[in-house]
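FYI, in my numbering the residues of the sequence shown are 1 to 328.
C-beta: ideal position from N, C-alpha, C; glycine also.
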Amino acid sequence: MAKAGKRPGATTKKKGPVKGTGGHGRKALEGKGPTPKAEDRVYHKAYKMKRAAERRAATGTTATKRSRLGGKRTSEELVTGRNSVLEALQTEIPAKHLFVMSRIEVDDRVRDIMTEANKNGLPMLEISRSELDRLTEGAVHQGVALQVPPYKYPDAGNLVLDVMDRWHDGKMQTPPLFVALDGITDPRNLGAIIRSVSAFSGDGVIIPERRSAAVTASAWKTSSGAAARIPVAKATNLTRVIQQAKDAGIFVVGLDGGGDIDLPQMELASEPLMVVVGSEGKGLSRLVTENCDQIVSIPIDSAMESLNASMAVGITLYEVSRRRAAKK
Numbered sequence: 001m002a003k004a005g006k007r008p009g010a011t012t013k014k015k016g017p018v019k020g021t022g023g024h025g026r027k028a029l030e031g032k033g034p035t036p037k038a039e040d041r042v043y044h045k046a047y048k049m050k051r052a053a054e055r056r057a058a059t060g061t062t063a064t065k066r067s068r069l070g071g072k073r074t075s076e077e078l079v080t081g082r083n084s085v086l087e088a089l090q091t092e093i094p095a096k097h098l099f100v101m102s103r104i105e106v107d108d109r110v111r112d113i114m115t116e117a118n119k120n121g122l123p124m125l126e127i128s129r130s131e132l133d134r135l136t137e138g139a140v141h142q143g144v145a146l147q148v149p150p151y152k153y154p155d156a157g158n159l160v161l162d163v164m165d166r167w168h169d170g171k172m173q174t175p176p177l178f179v180a181l182d183g184i185t186d187p188r189n190l191g192a193i194i195r196s197v198s199a200f201s202g203d204g205v206i207i208p209e210r211r212s213a214a215v216t217a218s219a220w221k222t223s224s225g226a227a228a229r230i231p232v233a234k235a236t237n238l239t240r241v242i243q244q245a246k247d248a249g250i251f252v253v254g255l256d257g258g259g260d261i262d263l264p265q266m267e268l269a270s271e272p273l274m275v276v277v278g279s280e281g282k283g284l285s286r287l288v289t290e291n292c293d294q295i296v297s298i299p300i301d302s303a304m305e306s307l308n309a310s311m312a313v314g315i316t317l318y319e320v321s322r323r324r325a326a327k328k
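Below you can see the structure in the form of structure tokens.
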């Protein structure tokens, strides 16, 4: 007689692992290790942010923070990394705040950074690592970041006219001297040009509003502090500013390999002068060339195609300075 609850002739099956329960093929899962971090997964957002930060670190260790202040969109640059921050403070880059990660490992560079910040009366803010990571948008910061406010550019036309008024009023000992950039997009080139203009008693640098290098932290550092002394003005239309300069009595010379005369024969050096330099690849634009009073070449070895823009400006300003000194 069969027991209650069982059909006659039924067999009892022993329970065991089946597919989908995790018991089947357990050995196949062994040895794969923990799940990779998000930043190490190629298709994850954190991976892309990490790679972007590495690229920024390799090209200047700066990040740009954008915000809306008073209804206007502004950009504030963050200099990150201990060496870059220390160098920025030593070259007197204007800064708003120094961000320092809480419980940072203090080494000689961190001590020097804090000393420079105290010397300049710069506010230091201690923030958490996660907050600093968010603020620098994933850039390699090493626990420190320097907030640099946007550079305030004067209007190029107003700058030219103001300097010429001072010259006519007898408030300047040497004729006005400007350098205008046509298509220079490397901020380090801009910084080096600002430094040369300062070294040879120039009165300002003029850059176009578009397609031009800006006064970033990189330009500040390359200028070795000269950006604090030499105004960098923006021109909505560079050709129009050149025309205004000519109307005000300034002679405009463009630097180009196929010039009308060589630099040693430039008689205009002792006059109020604007030197215009173009990019290494494209040179001066057509409209700028047409509006120059003279195109000047720097004699160089035929094996060398061209000079770096900042080097060409330095050589030209030296010749201008030499001629002006000889005429005194």
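Any C-beta of chain B under 8 Å from that of R129: The question asks about chain B, but that chain is absent: this structure has only one protein chain.
Simplified DSSP assignment, three categories, for D182: If you number the sequence shown from 1, residue 182 lands on position 182. Here D182 sits in strand by DSSP.
Buried/exposed call for L125, threshold 16 Cβ in 10 Å: For the purposes of this step, residue 125 is taken as the residue at position 125 of the sequence shown. It counts as exposed.
Beta-ladder partner(s) of S297, from DSSP: Numbered from 1 along the sequence shown, position 297 holds the residue referred to as residue 297. According to DSSP, S297 bridges with D262.
Cβ-based burial, T185 [other Cβ within 10 Å; buried from 16]: Translated into positions along the sequence shown, residue 185 becomes position 185. So T185 ends up on the exposed side.
As assigned by DSSP and simplified to three states, the class of H342: There is no way to answer for residue 342, as the model of the chain reaches only from 1 to 328.
Expected contact under 8 Å - CB spacing of S218 and R188 to nearest Å: As a working mapping, residue 218 is identified with position 218 in the sequence shown. As a working mapping, residue 188 is identified with position 188 in the sequence shown. 6 Å between Cβ atoms; contact.
For G314, the first and last residue of its enclosing alpha helix (DSSP H): Counting from one through the sequence shown, the residue named residue 314 turns up at place 314. According to the DSSP assignment, G314 belongs to the alpha helix (DSSP H) that extends over A309 to K327.
Own chain residues within Cβ distance below 8 Å of S279, not counting five before or after: Along the sequence shown, read from residue 1 onward, the residue named residue 279 stands at position 279. Around S279: D182, G183, I184, T185 and A309.
Collapsed DSSP secondary structure at T174 in the structure displayed: The count along the sequence shown starts at 1 and reaches residue 174 at position 174. If DSSP states are grouped into helix, strand and coil, T174 belongs with coil.
T222 versus A192 - alpha carbon distance: Residue numbering aside, residue 222 sits at position 222 when the sequence shown is read from its first letter. Residue numbering aside, residue 192 sits at position 192 when the sequence shown is read from its first letter. Rounded to whole angstroms, the gap between the alpha carbons of T222 and A192 is 6 Å.
Pick from A145, E77, A95 and S130 that is closest to N83, judged by C-alpha positions: The residue given as residue 83 occupies position 83 in the sequence shown. That would be A145, whose Cα lies nearest to the Cα of N83.
Neighbourhood of Q243 by C-beta distance below 8 Å, restricted to the same chain and skipping five residues each side: Against the sequence shown, residue 243 aligns to sequence position 243. By the criterion of a C-beta distance shorter than 8 Å, Q243 is surrounded in its chain by N291, once the five residues flanking it on both sides are discounted.
Cut-off 7 Å between Cβ atoms - residues of its own chain near E87, not counting five sequence neighbours on either side: Here residue 87 refers to the residue found at position 87 of the sequence shown. Annotation for E87: K221 place their beta carbon closer than 7 Å to its own, counting only its chain and skipping 5 residues before and after.
Nearest candidate by alpha-carbon position, reference S321, set V215, F200 and L268: Counting from 1 along the sequence shown, the entry for residue 321 is found at position 321. Of the listed residues, the one whose Cα sits closest to S321 is F200.
Which of helix, strand or coil DSSP assigns to A248: Residue numbering aside, residue 248 sits at position 248 when the sequence shown is read from its first letter. In the three-state reduction of the DSSP assignment, A248 falls in the coil class.
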